[in-house]
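Which chain is which? The protein sequence lines are L and R, in order.
Here the first sequence stands for residues 10 to 105, where the numbers follow this note's numbering.
Here the second sequence stands for residues 97 to 459, where the numbers follow this note's numbering.
Even for Gly, the Cβ is constructed at its ideal location relative to N, Cα and C.
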Amino acid sequence: MLYIARSRSIAARALDGEMVIMSTSDSMLFTLNEVATEIWLAADGRTPLSQIVQDKVCARFEVEPEAAYADAEDLCRRLAEHGILAISDRPIDSPR
Amino acid sequence: MTDVASLTAAGARTSLLNRIGAKAEARGIPISVHLDLTWACNEGCVHCYLDHTAGGDMNTVEIKGALDQLAAAGTMFLTLSGGEIMLRKDIFEIVAYARSQLFDVRLKTNGILIGEGEADRFAELGVRAVNISIYSHLPEVHDAITRVPGSFHRSIEAVKRLKSRGRAVEIRVSVMRGGADYGRLRALAEELGAGILYDATIVPMIDGDRTPVLLNISPAERAAFYSDPAVLTGLEDVCASLAPADEELLNAHSCGAGHNGCYISPQGDVMPCVQFPLVCGSLRRSRFLEIWRSPQFAEVRGIRNRDLDVCGSCSSLSSCDRCPGLAFQDGNMRGASRQTCENTYSRTKAPTPLYPVATPDGA
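Pasting the structure below:
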């Protein structure tokens with residue numbers, strides 16, 4: 010089971026369907042599209058990624074659950090590399 | 097995740113920032129806001145454009161209310177400035193509140209009150225960037241400008257403290273009469289691991305008093321400034337275009353002031369920019385979005401290059417960094433400003449509407 014949590018070391022604002030995110034630690038700037046934004050917003054540290062994908066992706070898009078989960082996990086790991094998302098195999102109480 | 101989600105890393109950060117700015121402007125969103133928390137200051141810089149005794153600063157509740165409204169309006173990039181922000185007893189409470197609303201926070205400060213504890217606190221709160229004013233690589237020159245003995249050393253220490261905590265620090269240099277050793281300043285910034293930005297335009301006081309303008313560098317110093325390798329940052333600095341204005345340029349506008357950003361004074365007055373003191377409303381009397389959508393802001397937004405009284409037909413329009421605020425302070429927001437014309441002439445060597453000044457005999 011994989012859990013994800015939004016980092017506290019970011020600035021973020023929704024801008025017309027996309028989420029603009031700035032890392033406050035290295036000034037990297039990102040934009041997330043609508044679906045990535047949904048996943049990021051649902052990253053509360055307690056809801057498993059599999060549940061988030063089911064609720065936020067599969068319920069809204071014509072995608073294979075396994076493929077959607079693989080894509081979501083890849084996205085989350087890339088966000089985690091830049092410190093804007095925390096990933097753990099157990100619930101996350103207080104992300105950095 | 098190409099089908100359902102993706103992220104865009106800022107390999108071309110400037111390009112992405114420009115895209116975000118353009119999108120915000122198209123949607124009428126004030127994505128960048130400069131909020132002065134006080135005009136009081138603990139330095140007495142000879143060129144300052146603010147009245148340090150103005151008073152009437154918004155209190156903590158009013159500032160938080162303003163931040164609530166800005167977040168709701170879509171503002172992301174928030175610059176907290178002054179005066180000296182560290183003179184506010186509630187500075188950390190304000191920054192913490194701004195960060196809780198996920199603003200990208202940049203501070204402008206002289207840094208002389210930022211010790212180890214203050215630097216720790218700003219880093220913990222997630223302040224991303226800090227701009228600190230340094231006027232010379234020579235302590236005695238800097239201190240003479242700030243009129244505070246020891247200020248150079250204290251500001252430099254603040255740069256080091258913030259850098260050691262991973263904050264992005266940029267040294268801001270206001271260039272004034274007598275110039276500066278730009279190479280030494282750049283070397284100092286590089287030694288500190290900081291960025292550097294020069295500003296060669298000393299502006300009138302925000303109340304219209306033009307006394308500080310006398311401190312602007314001379315034409316010869318300006319020419320030297322615009323040819324100094326330590327100042328030039330890109331090809332556009334030395335290859336200014338004199339291409340005739342096309343339809344796209346004539347339908348464009350000078351800068352983002354009032355389009356995707358604005359300025360808020362410590363007293364709650366909302367203006368297009370700190371250099372464009374057209375008061376469009378007060379947060380003490382109106383909601384932010386009412387002011388942002390006011391006829392005053394609409395008038396500013398409605399001005400296109402083709403509407404400009406003399407700039408619209410200037411051969412340097414395509415390479416000019418026209419500042420509508422300086423034009424406003426010269427008396428006409430649709431006009432030219434002498435300072436901008438002088439800057440552009442120094443780069444392009446092509447005559448501009450207000451510089452060089454024609455002599456009576458036509459020379």
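Name the one or two DSSP bridge partners that residue i has.
i, result
"R:T448", "R:Y451"
"R:I187", "Answer is none; R:I187 lacks a bridge partner."
"R:S177", "R:D132"
"R:D365", "R:S378"
"R:Y359", "R:H130, R:M367"
"L:L94", "L:R15"
"R:F372", "R:C369"
Taking Cβ-Cβ distances shorter than 7 Å, what residues in chain L pair up with residue i?
i, result
"R:A120", "L24"
"R:I210", "Here the premise fails: no neighbours, minimum Cβ distance about 17 Å."
"R:R109", "L38"
What does residue i reach in chain L if we use C-beta pairs closer than 8 Å?
i, result
"R:L198", "I19, A20, A21, R22"
"R:G170", "R22, A23, L24"
"R:R123", "L24, D25"
By the criterion of Cβ-Cβ separation under 7 Å, what are the contact partners of residue i in chain R?
i, result
"L:S34", "G262"
Report the neighbours of residue i on chain L: residues whose CB is nearer than 9 Å to its CB, in chain order.
i, result
"R:G222", "R17, S18, I19, A20, T33, S34"
(request) Assess, as a yes-or-no matter, whether the region 122-142 of chain R is touched by the region 177-185 of chain R under the definition of 3 or more beta carbon pairs within less than 8 Å. (result) Yes, they touch.
(request) Determine, using beta-carbon pairs with one atom in the region 418-425 of chain R and one in the region 348-357 of chain R, whether at least three such pairs fall under 8 Å. (result) Touching, per the Cβ criterion.
(message) Just to confirm the assignment: which complete beta strand (DSSP E) runs, minimum length 3, are found wholly within the region 11-67 of chain L?
(response) Qualifying beta strand (DSSP E) stretches, in chain order: 12-15, 19-24, 27-32, 38-41, 53-57.
(request) Could you tell me which uninterrupted beta strand (DSSP E) segments, each at least 3 residues in length, are contained entirely in the region 238-272 of chain R, listed from first to last along the chain? (result) DSSP runs (the beta strand (DSSP E)) wholly in the region 238-272 of chain R: 264-270.
(request) May I have a chain-ordered list of the alpha helix (DSSP H) segments no shorter than 4 residues that lie completely inside the region 137-169 of chain R? (result) Here the runs fully enclosed are 156-169.
(request) Please list the segments of the beta strand (DSSP E) lying wholly inside the region 181-232 of chain R, counting only runs of 3 or more residues, in order along the chain. (result) DSSP runs (the beta strand (DSSP E)) wholly in the region 181-232 of chain R: 200-205, 225-229.
(request) Could you tell me whether the region 216-226 of chain R touches the region 240-253 of chain R, using the rule of 3 or more Cβ pairs below 8 Å? (result) Pairwise C-beta distances place the region 216-226 of chain R out of contact with the region 240-253 of chain R, as fewer than three of them are shorter than 8 Å.
(message) Taking contact to mean 3 or more Cβ pairs, one atom from each stretch, closer than 8 Å, check whether the region 10-21 of chain L and the region 83-102 of chain L are in contact.
(response) Enough Cβ pairs lie closer than 8 Å, so yes.
(message) Assess contact between the region 338-345 of chain R and the region 181-194 of chain R, defined as three or more Cβ pairs (one per stretch) separated by less than 8 Å. Is contact present?
(response) Judged by Cβ distances under 8 Å, the region 338-345 of chain R makes no contact with the region 181-194 of chain R, as fewer than three pairs qualify.
(request) Enumerate, from N- to C-terminal direction, the unbroken alpha helix (DSSP H) stretches of 4 or more residues contained entirely within the region 273-354 of chain R. (result) As far as the region 273-354 of chain R is concerned, its whole alpha helix (DSSP H) runs of at least 4 residues are 278-288, 315-321, 331-334, 343-346.
(message) Quick check for students: name the residue ranges of the beta strand (DSSP E) that lie wholly in the region 414-445 of chain R, counting only runs of 3 or more.
(response) Runs of the beta strand (DSSP E) spanning 3 or more residues and lying entirely within the region 414-445 of chain R do not occur at all.
(message) Would you call the region 238-251 of chain R in contact with the region 154-161 of chain R, where contact means no fewer than 3 C-beta pairs closer than 8 Å?
(response) Between the region 238-251 of chain R and the region 154-161 of chain R there are fewer than three C-beta pairs closer than 8 Å, too few to call the two in contact.
(message) Does the contact criterion of 3 or more C-beta pairs under 8 Å hold for the region 53-67 of chain L versus the region 76-87 of chain L?
(response) In short, these stretches touch, since the Cβ pair count reaches three.
(message) Taking contact to mean 3 or more Cβ pairs, one atom from each stretch, closer than 8 Å, check whether the region 306-321 of chain R and the region 434-442 of chain R are in contact.
(response) Touching, yes.
(request) Report yes or no: do three or more beta-carbon pairs, one from the region 45-53 of chain L and one from the region 62-71 of chain L, lie closer than 8 Å? (result) Contact between the region 45-53 of chain L and the region 62-71 of chain L is present, with at least three C-beta pairs closer than 8 Å.
(message) Quick test of the definition: if touching needs 3 or more C-beta pairs under 8 Å, does the region 356-366 of chain R touch the region 375-385 of chain R?
(response) By the C-beta criterion, the region 356-366 of chain R is judged to be in contact with the region 375-385 of chain R, since at least 3 inter-stretch pairs fall below 8 Å.
(request) Determine contact between the region 143-158 of chain R and the region 34-42 of chain L, defined as no fewer than three beta-carbon pairs at a distance below 8 Å. (result) Contact between the region 143-158 of chain R and the region 34-42 of chain L is absent, because fewer than three Cβ pairs lie under 8 Å.
(message) Using 8 Å as the cut-off, can you tell me whether the region 235-249 of chain R makes contact with the region 200-212 of chain R, which would need three or more C-beta pairs spanning the two stretches below that distance?
(response) Three or more pairs of CB atoms, one per stretch, sit closer than 8 Å, so the region 235-249 of chain R contacts the region 200-212 of chain R.
(request) Evaluate the contact criterion for the region 316-323 of chain R versus the region 108-128 of chain R: three or more CB pairs, one atom per stretch, below 8 Å. (result) With a cut-off of 8 Å on Cβ pairs, the region 316-323 of chain R is not in contact with the region 108-128 of chain R, counting fewer than three such pairs.
(request) Say whether the region 275-286 of chain R touches the region 228-243 of chain R, bearing in mind that this needs 3 or more beta-carbon pairs closer than 8 Å, one atom from each stretch. (result) With a cut-off of 8 Å on Cβ pairs, the region 275-286 of chain R is in contact with the region 228-243 of chain R, counting three or more such pairs.
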